[in-house]
Each structure stands twice: as structure tokens, then as C-alpha cells.
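First up is the structure itself, then whatever we jot down about it.
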Amino acid sequence: GESKALKDIQIRRGWTIHELKTELAYRQKILEYLVKNDISDFKMIATIIHAYQSTPEKVLRKLGIA
Numbered sequence: 002g003e004s005k006a007l008k009d010i011q012i013r014r015g016w017t018i019h020e021l022k023t024e025l026a027y028r029q030k031i032l033e034y035l036v037k038n039d040i041s042d043f044k045m046i047a048t049i050i051h052a053y054q055s056t057p058e059k060v061l062r063k064l065g066i067a
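Count along the sequence shown from 1, add 1, and you get the number used in the numbering used here.
Next comes the structure, spelled out in C-alpha cells:
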């Protein structure tokens, strides 16, 4: 079925279902990048997440995701 939490996020952000799925896919790819590159340092992870929140396109390009 449909996740209530995801539906709530979609509504609060004003996203279409496509935008929600795209955002989730990008976030998953970032997490996969961190695992693949053995990045486990808290400060590095926090830096990447903060940068993604500020300039997502730039971070996705830098990580080779977009």
C-alpha cells in the first residue's frame, strides 16, 4: 500500500508523486555512494548531506549521480 509518511512529505513539500520518487532515488544513490566509497566519517557525511540540501544539482554532479 501507500506509505502515510511519504504521502505526508509529498503534501508538505508540494511535490508530485514523480518528484517524490525522484528525490527518494537521489537520496538512495547518495547513500549508496557513501557505502561504496567507504565514507563513514560523521563530519564528511554531514558535509555531503548539508551540501545536498543547499545545492542538490551540484552535489549530484560532483558525486557522478546526475
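The beta-carbon is built from N, C-alpha and C at its ideal position, and this holds for glycine as well. Since we're looking at a predicted model, the values are computed, not measured.
Item                                                                                              : Value
Can you give the Cα-Cα distance for Gly-15 and Lys-8, rounded to whole angstroms?                 : 10 Å
How is Asp-9 classed by DSSP in three states: helix, strand or coil?                              : helix
Mapping DSSP to helix, strand and coil, what is Glu-41?                                           : Residue identity differs from the one stated: residue 41 is Ser in this sequence, not Glu. Ser-41: coil per DSSP, three-state reduction.
Since Gln-11 contacts Leu-21 with CB under 8 Å, what's their CB separation in whole angstroms?    : 5 Å
Return the first residue and the last residue of the alpha helix (DSSP H) that Leu-61 is part of. : 57-63
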